[in-house]
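Sequence positions in the sequence shown follow the UniProt record's numbering and run 1 to 524. C-beta: ideal position from N, C-alpha, C; glycine also. What you are looking at is a predicted structure, and each value in this text was computed from that prediction instead of being measured.
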Amino acid sequence: MIFCFTSPGAKIDRSFNKDKGPPTYRIQGQSCHLIGSLLPMPGKPPKFSHLYIYGTENKIQNRIGGLRFGNQLDPKIVAKLKDMFYHHNVFAKSFGMAKEIFEKKKSHDLKLQLISHRKTDGKIYNLPKVYEIAALISGDGNEPLNMDIILQLQSGKLQRINELHVSYLGLQYPILFSYGEDGYRNDVKHREQKDSNERKRTKVTIKEFHSFRLQARVLEAQTLCISHRLFQHFIVDGYIMMESECLFYIRTHQKQLRSDKYSSLQNSQYQKQTQPSNCGKCIILLSFFSGGRRYMDQLYFEGMSICSYAGFQDLFLTFTCNPCWPEILRDVKSINLMPQDRPNIVSRVFKLKLEQLMTGLKSGKVLGNVVAYVYTIKWQKGGLPHAHILLFLHPSSKYPSPQDIDRIISIEILDQLIDPELYECVKNHMIHGPCGLDNRHVVPYIPKLLLKYQLHLNIEWCNQSTSIKYLFKYINKCYDRITAAIVPIENEHGSCSQENGKCKQFIDCRYISPLLFQFTKEHL
């Protein structure tokens, strides 16, 4: 973050994986990338964009001093990177241009406007020109035009950068966008193909844009893919952009989505609301929005419909990604990376393994004839994906007695001399972490599948429909969240006013891991 123009709005979370587990990049609540004024306030140290326009003396030490572990950085490398940005990065040039004008004219009403719309087509390899990125303006115009960002000369206030601004990624990731290339633009069109006229949508979405950037190509530099935690930061930020665009559409299209049928004023009377100003403005998060409460409710109801047809589920499996799979290590070790540094590869390999497992289960040759199944993929707060799978078996394939269950489920450590490979698998994958190596702490498993997939694969026999609740994000908890208190803030008149919207409630508490590819998270 030493060369960022904006604040990151998130941090590395070490509260969950304190030992050998992969670090977790955490965003709690609404992600806000903020940018300050051109100059810091009197008595305050320069940070982020200030460092591109603040005095030249001690510039390297100012950058290093702003980091917790700055003493571990090499000043010579920092100086070379600084010179590279000043010579090639259009944002650094824009701030340098503002600095020169300020030093010559000593103007106190100087502002720097970062322009959101370009005149050129904005292809990925087209480098934007300085005058298309920024403009120097003077006067009293404080309100940005559309999504333009206007930086005051000296102000104690921070302003948020809209996620859809073309400079959003370039300002936050100057190491990845060294020349200040444009990020996502909402007017990028699909490449012309034979079926172009048949498409309902002609423009590239945020998800497609980021999925394209995540691919490793032979003729391109691999800066993004080998940037370690910055790569994780970029992926999570990309999902935030995609989610923000969807939530913005929901907020601004409530009339078309017919949210007026929800009588918020009448409901608030029954709930004995004490703040009338909170009533009357209701925003509904529709059931098509992945992760919302209504979305989870709908999946739960569909799962219960399967129960009404196929009866109670019979088996519950947990299929957890193994970061040490050879398919993952083969790609990451060749470039001196760890599995957590390439969540895109981990997700792809996990998806292929899961599809292979489901194909085998549906064939009826592993656990019997499967008439229905439900699964969901979760990340929670541990970083690695895992799938919860419910299987509904044909009456002829059920396991009515303990002896039948023991034929497929094992909860013991086999003799190392009889089956050394299975012994190692159980020891490495199926023992509760802090417990000892004995049969009391073995997680139930299927020997044949454990040997095949080499991962934590738990299996439980069950016959209750409440497992459906557990499957869909623990329906009573909803999405992965952080416990927080949401309180109204008094305005200048002493009254409280807040938007009574499901979008804001969702943003305030949800917890996001790297999640960007268009893989199905739930399947019924």
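* Taking the alpha-carbon positions, what's the methionine 84 to aspartate 182 distance? -> 18 Å
* Where threonine 6 falls, given that 16 or more other Cβ within 10 Å makes a residue buried -> Classified as buried, threonine 6 has 16 or more neighbouring CB atoms from the shown chains inside 10 Å of its CB.
* To do: Would you tell me roughly how many angstroms separate the C-alpha atoms of leucine 285 and glycine 292, rounded to the nearest one?
  => Going from the Cα of leucine 285 to the Cα of glycine 292 covers about 7 Å.
* Asked: To which residues does DSSP link leucine 390 through a beta bridge?
  -> Phe316, Val374
* To do: List the residues that DSSP assigns as beta-bridge partners of alanine 457.
  => The amino acid occupying residue 457 in the given sequence is leucine; alanine does not appear at that position. BP columns for leucine 457 point to Phe319.
* For leucine 176 and leucine 219, believed in contact at Cβ under 8 Å, the rounded distance -> Actually they do not touch by this definition, with Cβ atoms about 18 Å apart.
* Span of the alpha helix (DSSP H) around residue 573 -> Missing from the structure shown is residue 573; the chain here goes from 1 to 524 and no further.
* Residue from Ser178, Met430, Lys469, Val374 with nearest C-alpha to asparagine 458 -> Met430
* Cα separation between tyrosine 423 and histidine 441? -> Taking the straight line from one Cα to the other gives about 14 Å.
* Within 10 angstroms of its Cβ, does alanine 92 collect 16 or more other Cβ (buried), or is it exposed? -> Classification of alanine 92: buried, given that the 10 Å Cβ count is 16 or more.
* Can you find a heavy atom of the ligand PLP that lies under 8 Å from the Cβ of alanine 387? -> The model depicted lacks the ligand PLP and carries no ligand whatsoever.
* Test item: CB-CB of phenylalanine 472 and glycine 311 under 9 Å -> no
* Inspect the CB distances between the region 390-397 and the region 408-423 and report whether three or more fall short of 8 Å. => By the C-beta criterion, the region 390-397 is judged not to be in contact with the region 408-423, since fewer than 3 inter-stretch pairs fall below 8 Å.
* First and last residue of the uninterrupted alpha helix (DSSP H) at residue 529 -> Since the first residue shown for the chain is 1 and the last is 524, residue 529 is missing from the structure and cannot be characterised.
* Considering only the beta carbon of each residue, do histidine 88 and tyrosine 168 sit closer than 9 Å? -> no
* Asked: Count the other CB atoms within 10 Å of the CB of serine 334; is the residue buried (16 or more) or exposed (fewer)?
  -> exposed
* How many angstroms separate the CA atom of lysine 365 from the CA atom of valine 371? -> 13 Å
* Asked: What are the boundary residues of the alpha helix (DSSP H) that includes isoleucine 235?
  -> Following the DSSP letters along the chain, one finds isoleucine 235 inside the alpha helix (DSSP H) bounded by residues 229-252.
* **Inter-residue spacing [alpha-carbon to alpha-carbon] between isoleucine 2 and valine 204** => 32 Å
* Asked: Hey, would you say glutamate 460 sits closer than 9 Å to leucine 317, going by beta carbons?
  -> Taking C-beta atoms as the reference points, glutamate 460 and leucine 317 count as a pair closer than 9 Å.
* Could you tell me which residues DSSP puts in a beta bridge with serine 410? => Tyr445
* Asked: serine 437 to cysteine 324, Cα distance in whole Å?
  -> Serine is not the amino acid found at residue 437; the sequence shown has leucine there. Computed Cα separation, rounded: 21 Å.
* 6 Å CB neighbourhood of leucine 450 in its chain, flanking five on each side removed -> Cys425, Leu457
* Please state if the CB of glutamine 340 and the CB of glutamine 232 are separated by a distance shorter than 9 Å. => yes
* To do: Could you have a look at residue 556 and say whether DSSP puts it in helix, strand or coil?
  => Here the chain covers residues 1 to 524 and nothing more, so residue 556 does not appear.
* Counting only the same chain and skipping the five closest in sequence on each side, list residues whose C-beta sits under 7 Å from that of lysine 353. => Closer than 7 Å at Cβ, skipping near neighbours: Tyr453.
* Compare the beta carbon distance of histidine 386 and threonine 320 with 9 Å and say whether it is the shorter of the two. => yes
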